[in-house]
Amino acid sequence: MVDNGSSADILYLPAYQQMRLDKDKLRPMDAPLVGFTGDKVCPVGIVTLPITVGTHPKTVSKTVDFLVVNCPSAYNAIIGRPTLNRLRAVTSTYHLLLKFPTEHGIGEVRGDQIAARECYLASLGPGGQNQTMSIEEQKILVKPSGELDNIELEDGRPERTTKIGAHLPPEMKESLVQFLKDNKDVFAWSHEDMPGINPSIISHKLNVDPSLRPVKQKRRVFAPERNNAIMEEVDKLLAANFIREVFYPDWLANVVMVKKSTGKWRMCVDFTDLNKACPKDSFPLPRIDQLVDSTAGHKLLTFMDAFSGYNQIVMDESDQEKTSFITSRGLFCYKVMPFGLKNAGATYQRLMNRMFHDQIGQERRSLRRRHVSKVQGGRRSPGRPQRDFPNAPQRGIEANPDKIKAILEMQPPKNTKEVQRLTGRIAALNRFMSRSTDKCLPFFKTLKKAFEWTDECQQAFEELKKYLTEPPLLSPSKQGEELYLYLAVSPTAVSSALIREEARRQLPVYYTSRALRGAEERYPPMEKLAFALVTAARKLRPYFQAHTIVLLTNHPLRKAMNKPDAAGRLIQWSIELSEFDIDYRPRTAIKAQALADFIAEFTSKDDEPTEDVEQASKWTVNIDGSSTKDSGGVGIVLRSPEGDIIKQAIRLQYPTTNNEAEYEALLLGLKTAKILGATELDVRSDSQLVVGQVNGDYEAKEGRMQQYLQLVRHQISQFREVRLCRVPREQNTEADQLAKSASSSTVDDKIKTVQQSSLQTTEVNPIHTEISWMTPIISYLQGGTLPDDRHEARRLKVRASRFLMLQGTLYKRGFSLPYLRCLAPDEANYVMREIHEGVCGDHSGARALQRKIVRAGYYWPSMKADTYQFVQRCDKCQRFANLLHSPPMELVPMTAPWPFAQWGLDIMGPLPIGRRQLKFLVVAIDYFTKWVEAEPLATITERNIQNFVWKAVICRFGIPRVLVSDNGKQFDNPRFRQFSQELGIHNHYSSPGHPQANGQVEVTNRSLLKLIKTRLEGAKGLWPEELPSILWAYRTTVRIPTGETPFRMTFGSEAVVPVEIGLTTFRTSAYDGQENEEQLRLNLDLIDEVRETAEARMKRYQEKMARHYNSRVKPRQLSIGDLVLRKVTLATRNPSEGKLGPNWEGPYKVIEVRRPGTYHLEDMNGRRLPHPWNAEHLRRYYP
1 MVDNGSSADI LYLPAYQQMR LDKDKLRPMD APLVGFTGDK VCPVGIVTLP ITVGTHPKTV
61 SKTVDFLVVN CPSAYNAIIG RPTLNRLRAV TSTYHLLLKF PTEHGIGEVR GDQIAARECY
121 LASLGPGGQN QTMSIEEQKI LVKPSGELDN IELEDGRPER TTKIGAHLPP EMKESLVQFL
181 KDNKDVFAWS HEDMPGINPS IISHKLNVDP SLRPVKQKRR VFAPERNNAI MEEVDKLLAA
241 NFIREVFYPD WLANVVMVKK STGKWRMCVD FTDLNKACPK DSFPLPRIDQ LVDSTAGHKL
301 LTFMDAFSGY NQIVMDESDQ EKTSFITSRG LFCYKVMPFG LKNAGATYQR LMNRMFHDQI
361 GQERRSLRRR HVSKVQGGRR SPGRPQRDFP NAPQRGIEAN PDKIKAILEM QPPKNTKEVQ
421 RLTGRIAALN RFMSRSTDKC LPFFKTLKKA FEWTDECQQA FEELKKYLTE PPLLSPSKQG
481 EELYLYLAVS PTAVSSALIR EEARRQLPVY YTSRALRGAE ERYPPMEKLA FALVTAARKL
541 RPYFQAHTIV LLTNHPLRKA MNKPDAAGRL IQWSIELSEF DIDYRPRTAI KAQALADFIA
601 EFTSKDDEPT EDVEQASKWT VNIDGSSTKD SGGVGIVLRS PEGDIIKQAI RLQYPTTNNE
661 AEYEALLLGL KTAKILGATE LDVRSDSQLV VGQVNGDYEA KEGRMQQYLQ LVRHQISQFR
721 EVRLCRVPRE QNTEADQLAK SASSSTVDDK IKTVQQSSLQ TTEVNPIHTE ISWMTPIISY
781 LQGGTLPDDR HEARRLKVRA SRFLMLQGTL YKRGFSLPYL RCLAPDEANY VMREIHEGVC
841 GDHSGARALQ RKIVRAGYYW PSMKADTYQF VQRCDKCQRF ANLLHSPPME LVPMTAPWPF
901 AQWGLDIMGP LPIGRRQLKF LVVAIDYFTK WVEAEPLATI TERNIQNFVW KAVICRFGIP
961 RVLVSDNGKQ FDNPRFRQFS QELGIHNHYS SPGHPQANGQ VEVTNRSLLK LIKTRLEGAK
1021 GLWPEELPSI LWAYRTTVRI PTGETPFRMT FGSEAVVPVE IGLTTFRTSA YDGQENEEQL
1081 RLNLDLIDEV RETAEARMKR YQEKMARHYN SRVKPRQLSI GDLVLRKVTL ATRNPSEGKL
1141 GPNWEGPYKV IEVRRPGTYH LEDMNGRRLP HPWNAEHLRR YYP
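Residues in the sequence shown are numbered consecutively from 1, following UniProt numbering.
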């Protein structure tokens, strides 16, 4: 109760007693309390308790001094003015509301009017003492005894001690101490006390794959502190005789230093390469679940920790040197089995099984070290060879209190890492949590996208904490008893609860839960239920093998899994479950609250699979249609509410498509059901298109589909309710078999034949419904009707002489065939579509399509234009069309106005890794002089490229006017753009996938790559050392466009090459210093003329290349608003499609012409593509 008139905070004694607080927390108090009537009450004492006021996140926590009072009251406690003042709270008795400021806004606490009324009536009751409302008792978790006594095992040796439980019964404690003293020789306190395991019993061998080459890791350099720790550890291992020095090992690993929580260093060896070369040892390791079950119910639980357990096993002598590691002191290898080897755990478990072979399964369980820590859940202190815990939980298996406490004390996560920490802690308690996946689903959603802690996450977090305050007590199974299994299904997960019965009580044994992924979420409800059973059987396989499992469900799961026509996965699951003894029974009453919660969640409408029992007045109709070349078939299976089955097979004696046959099946099924008097239907079909169009999920675009859809909706309107759903083909086998038998050529009197389609009334005489090109010809042939115009009449007579009427249908006398049936526009569209993309269609071109239509016996006047337009607009033909190789635009040569004004940049690589991890080559070439600069790099970062441009280009040749590059992030980034902008440099970028825009540097790259290949031959990693020589060779070679060497174009003179030193020429043999100086100055004066001559020669060369290129051009002009397809590149190709993928993707819309032949695009959602695209990679799209 909140009381503004109370000068103290009161806690009544019954409430204090129910809280079960330690008596030591109650401090004495002598001053009495004076009530409103003047009565004095002496408090029992004062207790300081923490309180939290408000709801998350608007909460405030304070510590309050409560006066504990022993007097009758209907309340548990009174919050008075001291606490209200500290909270800075404002109360409103009218609104039953308390408001106070918090870090996250104004917090509120609302009163409960019903509870207040109950307290008021209780206070008016007849003299009841201590009518305090009962406090809900939280489950007190049983914790392992943490108090241990040191026992001295040998007189006069105080360091040789072990620890046992402090609260053991005296007799048990005495016998246990005596037993430990009698067997003190099994304990080790130092390495000298550890003799090790005889190699004849076991030794560790490495099964290294002989086809793999040994790996020698390069030595890592450590800081002085870590290096000193390594030296100390090596000294210890040498003193213990665990390692020895080794020379020339084939395998060599580095050490890794890891800091312990105590601040000391742990030395580990990086056996990664050695572990990769060793196949995994499949020796079975113990399952922690079975170990926990086996320990439950025993009076005494003993933990034995082997002293340097792994190091007691020796390494096989032939494999010792493979464990070599490198330090600053030298090379060493292990003589004993070290930690970190791949199969060390299996070897250790194999030893434990041999040592305790006679005891395992009786009263002891052999656990590997890390399995022990998992069972206990606490951290073991070093130097405790043995610990005994009395009174191991005999009531059952309980969750580790420390793990629960860790979750209960967690604050709401503030980032993704904290959410991962939360889910990791929950995973350790999955066995104790009913439907854990559903409870944690909001947490998993936050991990799939940007972190956002929503209200849903906070609610799930609070409900999780509430659940963990009273986790269920699990019961270990007993041999030979039946276990009961409940299943739960939700849209996102499947769960199960395994229980056992004892004294007419249901006790949980194990909870499992698994999230549904991908296609599993789309399983039908009954398949989800079967999947839940299979998941439980896989997770709880030991229980399923050792016990009879009684599955409690009200659904015909066994019947669904054993149907002959069941889905393929159901049959596979049925075979997988056949090895277990599973008994299917109806669900009975629940006899445990934890299980009642589980089933209550299970029976929600969203999670419950719909049963196969139909409503009293609902009919079920399964339909299917099929088509062949000349006919089609329809299969219909009707089931009445009473279970009667009516099967019907109907042959469609006319050419039809599969989709039209499916529509015919639906129309005939509706008509048959109407005749039988059905008012409510559940129609099932395996045609995704028909079901989607009728339900409105798909749009019917084609004319005949629209007509069929109108007929179906008209038929549906005559029923009270019609539900159309799609089922897998495996669940529609009866109707499918009827349709196939009806479409076959087999003669059967039981198969009904239909001569015309449901649309025949609108298609057979198009003369009466529309005017087409055939109308005047038919009118003339049938009634002699001629136009009033004399010329038109004569023209019609001449034209009609090539046509005739046969059985009411117009035919044309043909040259290739005797008679060609004349078609109206709708019929012509159907024929083109069926021949082009139907069952026998091959998406041929327009001319081939014309030939096929004529050979099939059809004609209409605009056939040539219509087929060309039809093929041109076919979506698949456009997407899978051949790539265009002819250039769309004329060649535009790129010229530089003066030397070093325009540079091209590009990156080559990755190349073979050289010294200093160099594997990339950045290249720059001047468009005028053809001078090349290049630098090898280990990484192609923005900074490295910028430094290269600064050092190799700007600092040597001045600031250029233009830099041409591709769209790589190394060139197209804000930092490089700002760098260029500050220096007045213009950045030009080539179109994606169009390197010809920077062709000069691409040609240079090919030349450099060829020189590198020919120079290196075998030693490919030496290319960085050869790069200067390669660049010199390139710079002193005459370039065809200029007719000069880049060296002369740059410096005005030719360079002296090595051959002129080995075999002298005139200028080297008759060298005169003064004359040479004068000649160099003259060359510099004449260099402008050399450059002008080279420029003229380069222009003629470019014109020649342009003429050759332009002769192959086929112009493809695009305008703003045009739709285009883009060529599929390696980056956009779907790797799963392989060679069967399309060549073009899109469509995209042209929104801007950057320059002739280069366009900016946007997708159909309006998103602009980041870079312009060259017309070479585009083709017009016709919708």
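All residues carry an ideal CB built from backbone N, CA and C; glycine is no exception.
These figures come from a predicted structure and were not determined experimentally.
Contact under 8 Å by Cβ, Tyr120 with Ala77:
The answer is no: Cβ separation not under 8 Å.
- Query: DSSP on Phe100, reduced to helix/strand/coil?
  - Reply: Collapsing the DSSP output to three states places Phe100 in a strand.
key: Distance between Ala344 and Pro382 (C-alpha atoms, nearest Å)   = In this predicted model, Pro382 has a pLDDT of only 29, less than 50, meaning its place in the structure is not dependable; the value taken from the coordinates is given anyway. Rounded to the nearest angstrom, the gap between the Cα atoms of Pro382 and Ala344 is 21 Å.
Per-residue DSSP class, three states only, for Ser496: If DSSP states are grouped into helix, strand and coil, Ser496 belongs with the strands.
Report task. Kindly indicate which three-state DSSP category Ser513 falls into: helix, strand or coil? Result -> DSSP places Ser513 in strand when its eight states are reduced to three.
- CA-to-CA distance, Gly643 to Glu734, given in whole angstroms: Glu734 and Gly643 have their C-alpha atoms spaced approximately 16 Å apart.
- Proximity of Ser328 and Arg435 at Cβ, strictly below 8 Å: Contact flag unset, no.
Considering only residues of the same chain and omitting the five flanking positions on each side of Asp270, which have a CB-CB separation below 6 Å? The beta carbon of Asp270 lies closer than 6 Å to those of Ala253, Asn254 and Val256 in the same chain, with the five residues before and after it left out.
**Asked** Does the distance from the CB of Ser685 to the CB of Ala661 come in under 8 Å?
**Response** Cβ distance not < 8 Å, so Ser685 and Ala661 don't count as in contact.
Taking the CB atoms as reference points, tell me whether Trp931 and Pro1046 lie closer together than 8 Å. The criterion of a C-beta distance shorter than 8 Å is satisfied by Trp931 and Pro1046.
**Request:** Can you give me the Cβ contacts of Gly1157 inside the same chain, cut-off strictly under 7 Å, excluding the 5 residues immediately before and after it?
**Result:** Residues Pro888, Met889, Asn1174 and Ala1175 of the same chain have their beta carbon placed closer than 7 Å to that of Gly1157, with the five preceding and five following residues left out of the count.
- Buried or exposed for Pro32, please, with buried defined as at least 16 other CB atoms from any protein chain shown within 10 angstroms of its CB. By the 10 Å Cβ count, Pro32 comes out exposed.
| task | Classify Val791 as helix, strand or coil using the three-state DSSP reduction. | result | First, the amino acid is wrong: residue 791 is His here, not Val. His791: helix per DSSP, three-state reduction.
Handout entry: Length-filtered (3 minimum) beta strand (DSSP E) runs lying within the stretch 903-978
Key = Counting whole runs of 3 or more residues, the stretch 903-978 contains the beta strand (DSSP E) stretches 920-926, 932-937 and 962-965.
Chain-order list of residues whose beta-carbon lies under 7 Å from that of Leu689 (same chain, five-residue window excluded): If we look at Leu689 and ignore the five residues flanking it on each side, its Cβ neighbours are Asn659 and Tyr698.
- Task: Drop a sphere of 10 angstroms on the beta-carbon of Asn4, count the other beta-carbons inside from all chains shown, and report buried for 16 or more, exposed for fewer.
- Result: Taking every protein chain shown into account, the CB of Asn4 has fewer than 16 other CB atoms within 10 angstroms, so this residue is exposed.
(request) Could you name the residues that DSSP lists as bridge partners for Gly633? (result) Answer by DSSP bridge pairing, in chain order: Ser626 and Arg651.
### Endpoints, the alpha helix (DSSP H) within which Ala31 is located
Here Ala31 belongs to no alpha helix (DSSP H), and DSSP marks it neither H nor E.
Next on the checklist: Quick check on the burial criterion: 16 or more other C-beta atoms within 10 angstroms. Buried or exposed for Arg500?
Outcome noted: Burial call: buried.
Check your understanding: Which residue's Cα is closest to the Cα of Gly480: Thr929, Ile1012, Phe432 and Ala546?
Key -> Per the Cα distances, Ala546.
Glu150 to Asp24 span [Cα, whole Å]: Note on identity: in this sequence residue 150 is Asn, with Glu being the wrong assignment. Across the structure, Asn150 and Asp24 are spaced so that their CA atoms are roughly 28 Å apart.
Check: Would Asp906 pass as a contact of Ser965 if the rule is Cβ separation under 8 Å?
Finding: Yes, Cβ-Cβ distance for Asp906 and Ser965 is below 8 Å.
**Asked** Would DSSP call Thr746 helix, strand or coil?
**Response** Coil, per DSSP.
- Ala239 classed as buried or exposed, judged by whether at least 16 other C-beta atoms fall within 10 angstroms: Under this definition Ala239 is an exposed residue.
Going by C-alpha to C-alpha distance, which of Val1059, Val923 and Tyr708 sits closest to Arg1006? For the residues Val1059, Val923 and Tyr708, the minimum Cα distance to Arg1006 belongs to Val923.
Check: With C-beta atoms as the reference, is Phe332 less than 8 Å away from Glu233?
Finding: No, these two residues do not count as a Cβ contact at 8 Å.
- Task: Look up Met805 in the DSSP assignment and say whether it is helix, strand or coil.
- Result: Judged by DSSP in its simplified three-state form, Met805 adopts strand.
Where are the alpha helix (DSSP H) runs, 4 residues long or more, that stay fully inside the stretch 215-249, in chain order? Whole alpha helix (DSSP H) segments, 4+ residues: 224-239.
Sequence-distant residues of the same chain with beta carbon closer than 6 Å to Pro1183, five excluded per side:
Counting only Cβ-Cβ distances below 6 Å, and skipping sequence neighbours, we find nothing.
With 16 as the cutoff for other CB atoms within 10 Å, does Met231 come out buried or exposed?
For Met231, the number of other beta carbons within 10 angstroms of its own is below 16, and it is reported as exposed.
My output table needs one value for Gln320: the three-state DSSP class, helix, strand or coil. Note: Gln320 maps to helix in three-state DSSP.
Q) CA-CA distance, Ile135 and Val2? A) Residue placement at Ile135 is poorly supported in this model, since its pLDDT is 37, which falls under 50; the coordinates are not used for a value here.
- According to DSSP, residues forming a beta bridge with Gly45: Val68, per the DSSP bridge assignment.
task = Could you check how far apart the C-beta atoms of Val53 and Leu84 are, in whole angstroms? I think they sit under 8 Å.
result = With a Cβ gap of about 10 Å, Val53 and Leu84 do not count as contacting.
| said: Suppose you measure from the CA of Thr553 to the CA of Ala537; what does that come to, to the nearest Å? | reply: Each residue's alpha carbon lies about 16 Å from the other.
When we look at the beta-carbon of Ile675 and count the other beta-carbons within 10 Å, is it buried (16 or more) or exposed?
Burial state of Ile675 is exposed, judged by a 10 Å Cβ sphere holding fewer than 16 other Cβ atoms.
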